[in-house]
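For reference, the structure discussed in these notes is given below.
Protein chains: 2
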Amino acid sequence: MTKQRATILDIVRSDKAHHTAEEIYHIANERLGGISLATVYNNLHALEEAGLIRRITAEHFADRYDSSFVPHGHLICERCERVTDFNIDGFEALLSDAIGNSFSSYELKVRHLCTKCRENA
Amino acid sequence: MTKQRATILDIVRSDKAHHTAEEIYHIANERLGGISLATVYNNLHALEEAGLIRRITAEHFADRYDSSFVPHGHLICERCERVTDFNIDGFEALLSDAIGNSFSSYELKVRHLCTKCRENA
DNA sequence: AAAATAATTTAGAATTATTCTAAAAAAATT
DNA sequence: AATTTTTTTAGAATAATTCTAAATTATTTT
Numbered sequence: 001m002t003k004q005r006a007t008i009l010d011i012v013r014s015d016k017a018h019h020t021a022e023e024i025y026h027i028a029n030e031r032l033g034g035i036s037l038a039t040v041y042n043n044l045h046a047l048e049e050a051g052l053i054r055r056i057t058a059e060h061f062a063d064r065y066d067s068s069f070v071p072h073g074h075l076i077c078e079r080c081e082r083v084t085d086f087n088i089d090g091f092e093a094l095l096s097d098a099i100g101n102s103f104s105s106y107e108l109k110v111r112h113l114c115t116k117c118r119e120n121a
Numbered sequence: 122m123t124k125q126r127a128t129i130l131d132i133v134r135s136d137k138a139h140h141t142a143e144e145i146y147h148i149a150n151e152r153l154g155g156i157s158l159a160t161v162y163n164n165l166h167a168l169e170e171a172g173l174i175r176r177i178t179a180e181h182f183a184d185r186y187d188s189s190f191v192p193h194g195h196l197i198c199e200r201c202e203r204v205t206d207f208n209i210d211g212f213e214a215l216l217s218d219a220i221g222n223s224f225s226s227y228e229l230k231v232r233h234l235c236t237k238c239r240e241n242a
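Quick mapping for you: the protein sequence lines, in order, are chains B and S. Per the working numbering, the very first residue in the first sequence carries number 1; after that it's consecutive. Per the working numbering, the very first residue in the second sequence carries number 122; after that it's consecutive.
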């Protein structure tokens, strides 16, 4: 675990904003006083492979990263693209009813207008 | 509505397999005896904008297209990447309970092993 | 702790998927 | 049928990501 890798993991862990690779690069670059973009990608992959972070992918939306493995959904603001986590009790039971127990994981994204954007609308 | 556009729409509509842009290009190319890849992208966008098709995006997965606007989830096979539709009764009610009624759309993808891949496992 | 081995980082080139450009062709309108 | 608008096309351009191979850093062995 190099300082680059530790920094990247920390950035993903410490921020609920779910950054893009590019944003993580900028933050890491500042914190470390220099890092290669390739290193950021390397480590995002390494950390993903190691099961320490997860990727968030959605339609027309740059991939972001999340460090929580507690099952949850993502709310995506249609205006500012801010991502927030949400809990959906009973979802897995519902899913089992629909397709049985043979699934291994799920991705759930919901589009909305976040509070900030609703106020400024 | 040109024959290129009609062909692309037909490919997306007539096939449950949810093709990628590249696959659609190959199929359209055969059917029409020549088409430009740029035209395929142009039309996938135009059709998406027009609300005639939807895009399916997931982690580590090339975008695919779907012509159904009946709300439903997508099952993605972890081995062969085959995509199948599924219904999940009561999901929207559950979602409303969790986050209220302010959402506009959702994407739901579930990873599993499809029947074929389970047999060949 | 020094030497040897393995893993990581880096800059920049390469790749992939997609978008842009500007001219040609086709379709729609007058 | 002529004019205007839209679409198609090939190829160039772009953006995001991955690859490469040398340099650096970390880890293991001695």
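Beta carbons are placed, not taken as given, at the ideal position from N, Cα and C, and that holds for glycine. Remember, it's a predicted structure, so these values are computed and weren't measured experimentally.
Bridge partners - residue i, DSSP secondary structure assignment
i: residue 230(S); result: 107(B), 195(S)
i: residue 115(B); result: In the DSSP output, where bridge partners are listed per residue, residue 115(B) has none listed.
i: residue 141(S); result: 185(S)
i: residue 79(B); result: Note: residue 79(B) sits in no beta bridge, so no partner.
Collapsed DSSP secondary structure at residue i in the structure displayed
i: residue 136(S); result: coil
i: residue 207(S); result: strand
i: residue 31(B); result: helix
i: residue 57(B); result: strand
i: residue 296(S); result: No information on residue 296(S) is available, as it lies outside the stretch 122 to 242 that chain S covers here.
Rounded straight-line distance, which links the Cα of residue j to that of residue i
i: residue 144(S); j: residue 33(B); result: 44 Å
i: residue 30(B); j: residue 7(B); result: 11 Å
i: residue 103(B); j: residue 94(B); result: 12 Å
i: residue 166(S); j: residue 20(B); result: 24 Å
i: residue 106(B); j: residue 230(S); result: 6 Å
i: residue 101(B); j: residue 37(B); result: 40 Å
i: residue 177(S); j: residue 84(B); result: 21 Å
i: residue 51(B); j: residue 41(B); result: 15 Å
i: residue 12(B); j: residue 18(B); result: 7 Å
i: residue 147(S); j: residue 240(S); result: 29 Å
i: residue 203(S); j: residue 197(S); result: 6 Å
Proximal chain B residues relative to residue i, where beta-carbon distance stays under 9 Å
i: residue 227(S); result: 73, 108, 109, 110, 111
Proximal chain B residues relative to residue i, where beta-carbon distance stays under 8 Å
i: residue 211(S); result: 94
i: residue 179(S); result: 57, 107
i: residue 157(S); result: Near residue 157(S) there are no residues of chain B at all, since even the closest Cβ is about 23 Å away, more than 8 Å.
Chain-ordered chain S contacts of residue i [CB-CB under 7 Å]
i: residue 87(B); result: 219
i: residue 78(B); result: 225
| task | Specify whether the segment 184 to 203 of chain S and the segment 62 to 75 of chain B touch according to this definition: at least 3 beta carbon pairs, one from each stretch, less than 8 Å apart. | result | no
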